[in-house]
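*Asks:*
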DNA sequence: TCAAAAGTGTTGTGTGTACACCCATGT
DNA sequence: ACATGGGTGTACACACAACACTTTTGA
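Residue numbers (this note's numbering), protein chains in the order written: chain A, 16 to 262; chain B, 16 to 262.
#1: Shortest alpha-carbon distance to residue 172 of chain A belongs to which of A/119, A/76 and A/201?
#2: From residue 109 of chain A to residue 122 of chain B, what does the alpha carbon distance come to, in whole angstroms?
#3: By the 10 Å Cβ neighbour count, where 16 or more other Cβ atoms means buried, how is residue 234 of chain B classified, buried or exposed?
#4: Starting from the beta carbon of residue 85 of chain B, find every residue of chain A whose beta carbon is closer than 9 Å, and list them in chain order.
#5: Residues of chain A with a CB under 8 Å from the CB of residue 38 of chain B: which are they?
#6: Might you give, ordered along the chain, the residues of its own chain that have their beta carbon closer than 8 Å to the beta carbon of residue 191 of chain A, omitting 5 neighbours on each side?
#7: Going by DSSP, what residue range makes up the beta strand (DSSP E) through residue 147 of chain B?
#8: Quick check on the burial criterion: 16 or more other C-beta atoms within 10 angstroms. Buried or exposed for residue 210 of chain A?
#9: Establish whether the CB of residue 149 of chain B and some CB of chain A are separated by less than 9 Å.
#10: Only counting the same chain, and skipping five residues up and downstream in sequence, which positions put a Cβ closer than 7 Å to that of residue 271 of chain A?
#11: Contact defined as beta carbons within less than 8 Å: I believe residue 129 of chain B pairs with residue 151 of chain B. What is the distance between those atoms, to the nearest angstrom?
#12: Under 8 Å by Cβ, that's how I've got residue 67 of chain A and residue 118 of chain A pegged, so tell me the actual separation to the nearest angstrom.
#13: Name, please, each residue of chain A whose Cβ falls closer than 9 Å to the Cβ of residue 106 of chain B.
#14: Tell me where the beta strand (DSSP E) around residue 229 of chain B begins and ends.
#15: Using 9 Å as the threshold, is the C-beta distance between residue 58 of chain B and residue 165 of chain B below it?
#16: Checking the sheet assignment: what are the DSSP bridge partners for residue 128 of chain B?
#17: Residue 49 of chain A versus chain B: which residues are under 7 Å apart at the beta carbon?
#18: Pick from B/219, B/44 and B/70: whose alpha carbon is nearest that of residue 179 of chain B?
#19: Establish whether the CB of residue 242 of chain A and some CB of chain B are separated by less than 9 Å.
#20: Tell me whether residue 243 of chain B is buried or exposed, calling it buried when 16 or more other Cβ atoms sit within 10 Å of its Cβ.
#21: Just curious, the beta strand (DSSP E) that residue 202 of chain A is in, first and last residue?
#22: Under a three-way DSSP split, which group does residue 216 of chain B fall into?
#23: Measure the Cβ-Cβ separation of residue 54 of chain A and residue 197 of chain A and say whether it is below 9 Å.
#24: I need the straight-line Cα distance from residue 75 of chain B to residue 71 of chain A, nearest angstrom please.
#25: Could you tell me whether any Cβ in chain A is nearer than 9 Å to the Cβ of residue 212 of chain B?
#26: Please report whether the beta-carbon of residue 78 of chain A lies at a distance below 9 Å from any beta-carbon of chain B.
#27: Measure the Cβ-Cβ separation of residue 96 of chain B and residue 47 of chain B and say whether it is below 9 Å.
#28: Just mark residue 90 of chain B as buried or exposed, buried being the case when its beta carbon has 16 or more other beta carbons within 10 Å.
#29: Measuring only the C-alpha atoms, how far is residue 226 of chain A from residue 188 of chain A?
#30: In three-state terms, what does DSSP make of residue 93 of chain B?
#31: Take residue 43 of chain A and list the residues in its own chain whose beta-carbon comes closer than 7 Å to its own, dropping the five residues that flank it on each side.
#32: Please classify residue 182 of chain A as buried or exposed, where buried requires at least 16 neighbouring CB atoms within 10 angstroms.
#33: Would you mind stating whether residue 93 of chain B and residue 132 of chain B have Cβ atoms separated by less than 9 Å?
#34: Straight-line CA distance for residue 51 of chain A to residue 207 of chain B?
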């Protein structure tokens, strides 16, 4: 059982009570904030003002406080960037390549958030020109390993939209079936059949017709629906994989 | 944009170049090691010898070296505990509640490993009596938040066995269809239909019949198969969700 | 009256599920 | 000859995919 001599095993350290003996990495929480706007999936990026990667765009993030839970760090960051809270937030993956930040060792716990298009104008776009929504097919080269993190987030939501109800997190309280279908189409990147789609979501019973319609444009008004599922804000431990009804 | 005054945002810190100003947490990699033995799903646990949680069982883990990638820390830990390398290893989730370790702030990046029953006797059981395989339905109260971590790992493999080929990681190179079915049954916790199971795995084309049979007991010998899929050891970035053929 | 999106059913195809008997071996 | 697990096929139910026309509105 050969030990690396710069690193002590957990069991051993327990003997000595000595946890503070070794150099510690910095830990940040980065958050990929998704929304849908003009039928496109968008991500919020911020422009770096200083070395390293000066003038490159990056995923927002910040240090995790020494007494702060990881989720709260991500929530705080989300609040700082968008002014929003109680949105869908899920831990994505932890990235820790030693050289990912040229300054020092930084391990980042990546989260992603899905926010509804109606709340969206609150902040972010107001804040100078160094914070912007990017359509996911116009993502530039990003700072650090952020392209990789973003790709991973995209994979995750593309997978997860097929067997959970995350799609509703991207819509306002009231929405039409065409809007709902649009969310699926833009995330999956393919057209769906209108009749089959409507049949399925209706028989799953996850939406509720309202006594309202939405009129816009010169055509028949659309029935409005609302989401029946558990409300927008999830409890901490619900990040735990929960396979919902497949759509 | 209200800032917490003990914590600085990433964008701001970039201005000042100052990353080392704040207290840093310790970071560990914990690893849940699964195997199958006597038709039971088992987990490797170690007994703690000191405060905190003295004499409780715990998931093996250790500090992440300051220049060590997270995956390597997990691999190293796995090697220390079992003597094995090149096994299936996947990042699970990162746990960081401030009070999860009473000594100081410790964030743990949890991994899980699946190891094949044939390599299994190499280590671990040789090492005193404070390392043991526990059947997953006889898990005692564990140290730290390790029960939660283990539950999460179980959920993950139960989910993932349905749409990936991780099951093969728990079998030796050569196996019978009954053994393969056993892996599914013990992980899903339910009986499967023999004919349907065999039909499906065969039509997926992920296994290859060998010119060998396995005789044991007083009955007809069983055809041996081997796994066609990508080899046992995965490259780093392949942890990235890869939806394989559903079984 | 025209353009534009909303709304609505049926049929074929494929996939999952339920189910029972013969085979090869060791004792 | 018998006990033990290995091995095989068919029929039914259900889910998914393909597909076109009518309705309601504003201009």
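For glycine and all other residues, C-beta sits at the position ideal for the given N, C-alpha and C.
*Replies:* Taking the structure as given:
#1: By 1-based counting over the first chain, the position of residue 172 of chain A is 157. Check the Cα spacing between residue 172 of chain A and each of A/119, A/76 and A/201: the tightest is with A/201.
#2: Counting from one through the first chain, the residue named residue 109 of chain A turns up at place 94. Counting from one through the second chain, the residue named residue 122 of chain B turns up at place 107. Rounded to whole angstroms, residue 109 of chain A to residue 122 of chain B spans 11 Å at the Cα level.
#3: For this step, residue 234 of chain B is matched to residue 219 along the second chain. The residue in question, residue 234 of chain B, is exposed, as its Cβ has fewer than 16 Cβ neighbours within 10 Å.
#4: Sequence index remark: in the second chain, residue 85 of chain B carries index 70 (1-based). Ordered by position in chain A, the residues that pass the 9 Å Cβ test against residue 85 of chain B are 109, 110, 111, 112 and 122.
#5: By 1-based counting over the second chain, the position of residue 38 of chain B is 23. Those are 81, listed as they occur along chain A.
#6: Counting from one through the first chain, the residue named residue 191 of chain A turns up at place 176. Close CB contacts of residue 191 of chain A within its chain, under the 8 Å cut and outside five residues either way in sequence, are with 229, 237, 238, 239 and 240 (chain order).
#7: Residue numbering aside, residue 147 of chain B sits at position 132 when the second chain is read from its first letter. Per DSSP, residue 147 of chain B belongs to the beta strand (DSSP E) from 146-150.
#8: If you number the first chain from 1, residue 210 of chain A lands on position 195. The residue in question, residue 210 of chain A, is exposed, as its Cβ has fewer than 16 Cβ neighbours within 10 Å.
#9: Numbered from 1 along the second chain, position 134 holds the residue referred to as residue 149 of chain B. Judged by the 9 Å Cβ criterion, residue 149 of chain B is not in contact with chain A.
#10: The requested residue 271 of chain A is not part of the displayed model; chain A covers only 16 to 262.
#11: Stepping through the second chain from its first residue, residue 129 of chain B is reached at position 114. Stepping through the second chain from its first residue, residue 151 of chain B is reached at position 136. About 13 Å separates the two Cβ atoms, so there is no contact after all.
#12: Numbered from its first residue, the first chain carries residue 67 of chain A at position 52. Numbered from its first residue, the first chain carries residue 118 of chain A at position 103. Approximately 7 Å separates the beta-carbon atoms of residue 67 of chain A and residue 118 of chain A; this is inside 8 Å, confirming the contact.
#13: Sequence index remark: in the second chain, residue 106 of chain B carries index 91 (1-based). Per Cβ cutoff of 9 Å: 108 and 109.
#14: Here residue 229 of chain B refers to the residue found at position 214 when the second chain is read from its first residue. Note, residue 229 of chain B: beta strand (DSSP E), 222-229.
#15: For the purposes of this step, residue 58 of chain B is identified with residue 43 of the second chain, where counting begins at 1. For the purposes of this step, residue 165 of chain B is identified with residue 150 of the second chain, where counting begins at 1. Their beta carbons are under 9 Å apart, which means residue 58 of chain B touches residue 165 of chain B by this criterion.
#16: On the second chain, position 113 is the one that residue 128 of chain B refers to. DSSP output for residue 128 of chain B lists B/48 and B/104 as bridge partner(s).
#17: Here the question's residue 49 of chain A lines up with position 34 in the first chain. Per Cβ cutoff of 7 Å: no residues; residue 49 of chain A is ~17 Å from chain B at best.
#18: Here residue 179 of chain B corresponds to residue number 164 of the second chain, with the count starting at 1. Closest in C-alpha terms to residue 179 of chain B, from the list B/219, B/44 and B/70, comes B/219.
#19: What you label residue 242 of chain A is simply residue 227 of the first chain in a count that begins at 1. No, because no Cβ of chain B sits closer than 9 Å to the Cβ of residue 242 of chain A.
#20: Mapped onto the second chain, residue 243 of chain B falls at position 228. So residue 243 of chain B counts as exposed.
#21: Here residue 202 of chain A is taken as the residue at index 187 of the first chain, counted from 1. Looking at the DSSP string, residue 202 of chain A is not in any beta strand (DSSP E); the run it does join, the alpha helix (DSSP H), is 192-203.
#22: On the second chain, residue 216 of chain B is found 201 positions in, with the first residue counted as 1. Under the three-state reduction of DSSP output, residue 216 of chain B falls in the helix class.
#23: Here the question's residue 54 of chain A lines up with position 39 in the first chain. Here the question's residue 197 of chain A lines up with position 182 in the first chain. A contact, by the Cβ cut-off of 9 Å.
#24: Translated into positions along the second chain, residue 75 of chain B becomes position 60. Translated into positions along the first chain, residue 71 of chain A becomes position 56. Distance between the alpha carbons of residue 75 of chain B and residue 71 of chain A is about 40 Å.
#25: For this step, residue 212 of chain B is matched to residue 197 along the second chain. So no, residue 212 of chain B is outside the interface.
#26: Numbered from its first residue, the first chain carries residue 78 of chain A at position 63. Residue 78 of chain A counts as touching chain B.
#27: By 1-based counting over the second chain, the position of residue 96 of chain B is 81. By 1-based counting over the second chain, the position of residue 47 of chain B is 32. Going by C-beta atoms, residue 96 of chain B is not nearer than 9 Å to residue 47 of chain B.
#28: If you number the second chain from 1, residue 90 of chain B lands on position 75. It is buried - the Cβ of residue 90 of chain B has at least 16 other Cβ atoms within 10 Å.
#29: Here residue 226 of chain A is taken as the residue at index 211 of the first chain, counted from 1. Here residue 188 of chain A is taken as the residue at index 173 of the first chain, counted from 1. Roughly 14 Å separates the two Cα atoms.
#30: Translated into the one-based positions of the second chain, residue 93 of chain B becomes position 78. Look at residue 93 of chain B here: in three-state DSSP terms it is helix.
#31: Numbered from its first residue, the first chain carries residue 43 of chain A at position 28. Only 76, 77, 78, 79, 121 and 123 meet the Cβ criterion.
#32: Start at 1 with the first residue of the first chain, and residue 182 of chain A comes out as number 167. When all chains shown are included, residue 182 of chain A counts as buried.
#33: In the second chain, counting from the first residue as 1, residue 93 of chain B sits at position 78. In the second chain, counting from the first residue as 1, residue 132 of chain B sits at position 117. Against a cut-off of 9 Å, the Cβ pair of residue 132 of chain B and residue 93 of chain B comes out as no contact.
#34: As a working note, residue 51 of chain A is residue 36 in the first chain. As a working note, residue 207 of chain B is residue 192 in the second chain. Cα-Cα distance, rounded: 42 Å.
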